[in-house]
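Asks: Pasting a structure here, questions to come.
Residue numbers (my numbering): 53 to 971.
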């Protein structure tokens, strides 16, 4: 029935989405409602309305297909795979891997798959607006659901329209939560009566009509099925209606009765169609050769509109499919799956063959379990972690041997964690807990448990589980135990001051000492990191420094193929920070970013962006740091998370004090909630920047208390602490910090620390003439560091010293240099402080360069500002799209708005805007 009753509002809203698509914009909406309420009818309506103006992709999900990773995405993108060469190589490779179009050694990251899918749809929509319809989205396979949810959130100006229909009350389709939605309600009595009248060919008694409308509560499917089920005599009122009127759950029984009236061969065909998750007619006809049906058998089912067979086998409603399958005798289902397994094997689909064999198994079967395990391994190689978890759980259920069953359950739990499903992972891990006889297995189980804890934000429990895993593994596999300890080191660094006693850095260090590497075993860079970390936390930085530098060097030289490379790099970045080695930190972070991009590893990439951003910020390359923090924030956004520490640091350096104060509170709450003490460390640094740039020295001093801790990651701010202590007349404290800095510079003699030490020496000497050579030495060292940050601060403090000793002409020269560098960096707070000193030194009104008015820039949205920064940095639209997880069309749209708001006409003019150019 083509006519829709009582859906004017819904149709209007959907038509508005199509109109947006025709004007180049993108939209997504989720239709939510009870089964049979008319969601599919609305999809049919919008599809018909878009046929002349849009390209149309449609996928009607079925529950059995939910176990086939990327099945829905493959169906939707298949018509456009010929466009793959138009995508950047990483995106092309990602789709090629999941669809089996190329060989690969590692599964692609799901985030990269989402970016690639968005890119492909954007390319397709360049020819003509594209409408993508997904019915029964609650049954999407998890990998496809993640990709489609990503697309729906990141599209903006691609001429794409995505409409999903989701059954109300289901806990599935979590990736669609938060998208614009529209609830499809039951029909009013008037519209329900109109629908029923249209569905009945003959006479319809008004009292009968009203009773059916009342009984079905306005559900369109129940109304239509009641009209089909009731006889003409009952509808006309000449025969009594059944009591109760068929509706709701009884609808499935109606379908069962309807199929029982069909010939045996037609029921056999329907069962094969219901049992085949591919919905491929080719499979249906091959199975028919064994199950004794042919194309003629479909006619009775098609006449009753139970299913249609075109390029895809489609049931009129999912309830029909469920009714056919579950009403069939077990023996018939088993035989049908066995035949479909043979067909899948003949077609070369070994994974589907294993799936059908499992469905055909009525008892444990180790041979089938082995086939399923192999299928799960292939799913993992394509990035189908959720599918692999489901397949492994089924494999475990068919396994007779308890240890093998437990191992498969454990692997299934781990796959669920990688897929981002901690709840399912915990359920599988709990099921595997029946087996505890193997220490190696117990250790692996604890490692998986740690990752589940980490995924749900319980970092303290994660650290404890990792240490427990290492203890379990040590007697039987010391290599794996120490690999787990590297993971524990990284976890303890994240937890910082918020780590529970069981998971502190010192607790990890003690266990490292308790689990030494046997002399006969080959050492890895991870072992060097562990030994250095243990020495640091048990004996101090002076004893550990040489070990730390050696470990960092070993990690630098580690091959890209090392399985634990990203854990090593993460630990080494933290070690470089606490050594004050800005050169090593930058080198390690850039390598982590490079390797993560090459391997499509999203989580290591996010960590690398954070480390690189800190490295750039400390160097005074504020805009570069802001771009990197933008990328990290975009990564968090597409995962449904938020991270504000980067924005806080940038606000502090830019002198945006109100914003910094607001973000400070948010970061404090987030860090406490997630047990991420490292965020508090950098929050304190942001506070010190705010305080120092305003001359609030007591506040700065209290913010930097943690600098002197052996494991502090604020070694780069020790000279700031000396400045704050001197200005607060706490000379003993200043000398103590200076002495610590001297020791650190001896351990790590890089230009940055040597310059910091010279500046600290000058500060503690006060106004004495002997301070001047140390200021000049600081400037000389800081000329050789990355970025202008330290150089600007040394010029600034030297200029202040010169003014205090009444050498105002020289003071103005250095203060002006500092002011210009700060302004060039975008460090407006420090620039203002330098300007005030210039005024005090008698500089004329030119002392402060005009700062571009904030009005036009403040009108930029967050996304527009991110695009502007990257464009000014020289990135192409394609590069911006890749880095911010957007489409090229959306980048182009935002950039045009940026040009208009800022009053510029080209990228060159944008680069000349001081806010966006590099020092």
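Cβ atoms here follow ideal geometry from the backbone N, Cα and C, with glycine treated the same way.
The structure presented is a predicted model; accordingly, all values stated were derived computationally and were not measured.
(1) According to DSSP, is residue 79 part of a helix, a strand, or is it coil?
(2) Spatial neighbours of residue 866 within its chain, please: C-beta separation below 8 Å, excluding the five flanking residues on both sides.
(3) Let me make sure I understand the geometry here. Which of 553, 709, 681, 610 has the alpha-carbon closest to that of residue 696?
(4) Go ahead and label residue 378 buried or exposed: buried means 16 or more other beta carbons lie within 10 angstroms of its beta carbon, across all protein chains shown.
(5) I'd like to confirm the pairing. Which residues does DSSP put opposite residue 217 in its beta bridges?
(6) Below 6 Å CB to CB, which residues in the same chain sit around residue 447 once its five sequence neighbours on both sides are set aside?
(7) Near residue 716, what residues of its chain come up, given a Cβ to Cβ distance below 8 Å and the 5 sequence neighbours on each side ignored?
(8) Would you say the stretch 798-818 touches the stretch 765-781, given that touching needs at least three Cβ pairs under 8 Å?
(9) My understanding is that residue 169 touches residue 125, with C-beta atoms under 8 Å, so please give their C-beta distance in whole angstroms.
(10) Please report the distance separating the alpha-carbon of residue 796 from that of residue 503.
(11) Report the rounded CA-to-CA distance for residue 451 versus residue 428, giving the unit in angstroms.
(12) Would you mind stating whether residue 634 and residue 768 have Cβ atoms separated by less than 8 Å?
(13) Can you grab the Cα-Cα spacing for the pair residue 492 / residue 456, in whole Å?
(14) Give the single residue among 471, 540, 626 whose Cα lies nearest to the Cα of residue 227.
(15) Report yes or no: do the stretch 360-367 and the stretch 257-272 share at least 3 C-beta pairs separated by less than 8 Å?
(16) Would residue 349 pass as a contact of residue 336 if the rule is Cβ separation under 8 Å?
(17) Taking the DSSP output, what are the residues bridged to residue 108?
(18) Cutting at 7 Å between CB atoms, please list the residues of its own chain near residue 760, excluding the five before and the five after it.
(19) Between the C-alpha atoms of residue 827 and residue 751, what's the straight-line distance to the nearest angstrom?
(20) From the DSSP secondary-structure annotation, give me the bridge partner or partners of residue 361.
(21) With DSSP run on the structure shown, which of helix, strand or coil describes residue 837?
(22) Pick out the complete alpha helix (DSSP H) segments inside the stretch 95-139, 4 residues or longer, and give them in chain order.
(23) Please state whether the Cβ-Cβ distance between residue 671 and residue 839 is less than 8 Å.
(24) What residues in its chain sit with their C-beta under 6 Å from that of residue 63, if we drop five residues either side in the sequence?
(25) Could you give the DSSP three-state label for residue 64: helix, strand or coil?
(26) Rounded to whole angstroms, what's the CA-CA distance from residue 903 to residue 961? Just pull it up for me.
(27) Contact between the stretch 588-595 and the stretch 557-573: three or more CB pairs below 8 Å?
(28) Around the C-beta of residue 496, are 16 or more other C-beta atoms found within 10 angstroms, so that it is buried, or is it exposed?
(29) Just checking my contact of residue 521 with residue 536 at CB under 8 Å: how many whole Å lie between their CB atoms?
(30) Could you work out which residue in 660, 597, 952 is closest to residue 799 when comparing CA atoms only?
(31) Specify the secondary structure class of residue 234 as computed by DSSP and reduced to three states.
(32) Counting C-beta neighbours from all protein chains within 10 Å, is the total for residue 254 16 or more, i.e. buried, or is it exposed?
(33) Does the beta-carbon of residue 609 have 16 or more other beta-carbons within 10 angstroms, so that it is buried, or is it exposed?
(34) Could you pull out every residue in the same chain whose Cβ sits closer than 7 Å to the Cβ of residue 911, ignoring the five residues on either side in sequence?
(35) For residue 352 and residue 316, what's the separation of their Cα atoms in angstroms?
(36) Measuring only the C-alpha atoms, how far is residue 341 from residue 404?
Replies: Let me spell this out:
(1) strand
(2) 847, 848, 850, 851, 854
(3) 681
(4) exposed
(5) 83
(6) 421, 424, 425, 460
(7) 700, 735, 738, 739
(8) yes
(9) 6 Å
(10) 35 Å
(11) 15 Å
(12) yes
(13) 13 Å
(14) 471
(15) no
(16) no
(17) 183
(18) 789, 792
(19) 25 Å
(20) 365
(21) coil
(22) 123-129
(23) yes
(24) none
(25) helix
(26) Residue placement at residue 903 cannot be trusted, given a pLDDT of 43 that sits under 50; what the coordinates show is reported in the next sentence. If I take the Cα positions, the gap works out to 16 Å.
(27) yes
(28) buried
(29) 5 Å
(30) 597
(31) strand
(32) exposed
(33) exposed
(34) 953
(35) 11 Å
(36) 19 Å
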